[in-house]
Amino acid sequence: MGNSLGGSSYHHTTINIVDFKNKGSQLNFILINQSINMHWADIAAEKLIKRGGKHVIETGTSISGIPHIGNASDVIRGDAIRKALEEKGIKPRFIWISDDSDPFRKIPRGMESLKDYLGYPVHDIPDLDGCHENFVEHLVEPFLSDLREFGIEPETFSGTELYRKGALYPEIKTAIENSEEIVKILNRFRRDPLPKDFIPWSSICENCGRISTTRAIEWDGNIIRYVCEDTEVSGGRVKGCGFKGENDTRKGYGKLPWRIEWAARWKHFQVTCEPLGKEHATAGGSFWTSKIISRKIFGWEPPLPVIYEFFTLNGEKISSSKGNVITLGDWLKICEPEVLKFFMYKRLQKQRDINLRAIPNLIDEYDEAEKIYFNLMEGTYAAKRKYELAQIDEPRLLQVPFTLCAVLAQAVPDLNMKKIEKRLKWHGYGNFDLKRLERRIKLAKNWNENYGPEYLRFRIIEDSEAAKIREKLNKKQILCLRKIADELDRELKATELHKRIYEISREVGLEPSRLFEAIYLVLIGKRRGPKAASFILTLDKRFVRDRFR
């Protein structure tokens, strides 16, 4: 079954973008999957245009540990929707919210010194390094700075400041006044139902400063009376101080429970679209309840959810508490930002893995899409569109393989770009952007030093070491090396030299593997190394000729 939006077709098949419709107690939904000629960001844009009015794309990040690339999923994908809308002449508001009013529930690896702050609002934890106003700013400032390197600059908000400046007060008041109805909604999805007199407000204890330990016991207008008592969080037991006090919701020293807060933010910002992880959209998940609260309590049509699968890092779940993370800043040291965006702009419903040791494979896929974009090869619209959406500036052609850059960075250790450019021409590369090349050379060097395979890492051995190794080679190996040296007097490309190496081994009657072994041994002292022909051409020809002869 299909449908048409603005002349573009899409199909109701697998989960990708979900448009929920509540019919009484039933929760029905339409499943939309991108077609071969439409990217999911374009489908979302057309759905939003059909909805009408002004558009606000909301994204956010929990700041309970170092923000990593998994935390950036919604803001990077939200930016693709922003871009798709702007291409259609619609200027949306694109916002990012720091979820810094949340309790500090679990201590991330490497932050054991913060154990005494379990149960505090993360915003109120001091920066133990002393370089920022608090723990949150210490983490958020580099995260947003790194996002700018990805060409992503949303309008930013602190969840705590939204409360303390009174921005969410109308929604807080509405939620508390309608607490009985909210309890009914929440209990539809809870195994352990909330009591009927549950008050949806967590106060910050004015005595000990914790938020996870307070329980609202009654309310009167804007005043919430609470008690601070022991509680369990994911990081362990948190002891309450026993204090009983009053909290004025107008001052914002507290917060709404997450599912209510989410709906309140939609209402406050008039949100029409939100990318979110699949865990929020499962039956009974936070999106289900928040969307009902948004409609019934706040009178706001919930946003279009753009649902994505999470991805793993090196085959394991990304986890700050376990230390299995890579930040945007870490990524920028080893790979171009456009490549990560390209990765995140793939089909949303498939779980994927980022293997840092296999970064060249991802870059090769990106480079292939670049060829399609510049009409250098035939390919799919999906690849071309992913490449297009991932661009930060005007696209510039490179097409120099990442692994070759890693080899060049070692063959020309001073990274002299004139030398590198000359050696690339020996490989047959001539039409590339020099600025991009210089960046990729540096990134490939960093990647190879940290994640590259052993065979791709090398040092050119001294003449004395090579002479000792040469004494151990057989006559056929020495003869083949001399013949290869003679070939270097000609202007051969890498493919031509590769072919001649095999021809020489056959002419001499030597197994190719034994010849390759000899090449690597006299150059780097190893039995394996980078692709031989390309490797030889990354080095100074006179040096190689002398070494082989």
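Those letters in the sequence shown? Residues 1 to 549, by the working numbering.
Yeah, the Cβ is synthetic: ideal placement off N, Cα and C, and Gly gets one too.
These numbers come from a predicted model, not from an experiment.
* To do: Kindly confirm or deny that the segment 107-121 and the segment 75-88 touch, where touching means at least three C-beta pairs closer than 8 angstroms.
  => no
* Starting from residue 298, follow the alpha helix (DSSP H) in both directions and report where the run begins and ends. => Here residue 298 belongs to no alpha helix (DSSP H), and DSSP marks it neither H nor E.
* In chain order, each beta strand (DSSP E) run of at least 3 residues that lies wholly inside the segment 72-145 -> 93-99
* Report all residues from its chain with a CB closer than 7 angstroms to the CB of residue 113; omit the five preceding and five following residues, and keep chain order. => 128
* Asked: Run through DSSP, which three-state label would residue 51 get?
  -> helix
* N- and C-terminal bounds of the beta strand (DSSP E) containing residue 226 -> 223-228
* What are the start and end residues of the beta strand (DSSP E) that includes residue 220? -> 214-220
* Asked: Among 178, 165, 231, which has the Cα closest to the Cα of residue 251?
  -> 165
* Asked: Along the chain, where does the alpha helix (DSSP H) that runs through residue 448 open and close?
  -> 434-451
* To do: Take residue 270 and list the residues in its own chain whose beta-carbon comes closer than 6 angstroms to its own, dropping the five residues that flank it on each side.
  => 56
* How is the alpha helix (DSSP H) around residue 164 delimited, first residue to last? -> 159-164
* Under 8 angstroms between the Cβ atoms of residue 172 and residue 199? -> no
* To do: Assign residue 527 to buried or exposed, taking buried as 16 or more other Cβ atoms, counted over all protein chains shown, within 10 Å of its Cβ.
  => exposed
* Asked: Just curious, the beta strand (DSSP E) that residue 238 is in, first and last residue?
  -> 236-238
* Asked: When DSSP labels each residue in this structure, what does residue 480 get in the three-state scheme?
  -> helix
* Asked: Taking residue 463 as the reference, which of 338, 486, 457, 545 has the closest Cα?
  -> 545
* **Residue environment, residue 351, which counts as buried when at least 16 other CB atoms sit within 10 Å** => exposed
* Chain-order list of residues whose beta-carbon lies under 7 angstroms from that of residue 476 (same chain, five-residue window excluded) -> 508, 509, 510
* Assuming residue 159 contacts residue 116 under a Cβ cut-off of 8 angstroms, what Cβ separation, rounded to an integer in Å, is found between them? -> So it is not a contact: roughly 23 angstroms between Cβ atoms.
* Distance CB(residue 255)-CB(residue 294) smaller than 8 angstroms -> no
* **Rounded Cβ spacing between residue 585 and residue 389 (contact assumed at less than 8 angstroms)** => For residue 585 there is no data in the structure shown, the boundaries of the chain being 1 and 549.
* To do: Reducing DSSP to helix, strand and coil, say where residue 273 ends up.
  => strand
* Pull up the distance between the alpha-carbon of residue 5 and that of residue 306, whole angstroms please. => Residue placement at residue 5 is poorly supported in this model, since its pLDDT is 33, which falls under 50; the coordinates still yield a value, given next. Cα-Cα distance, rounded: 17 angstroms.
* Give the DSSP-derived three-state secondary structure of residue 324 in the structure shown. => strand
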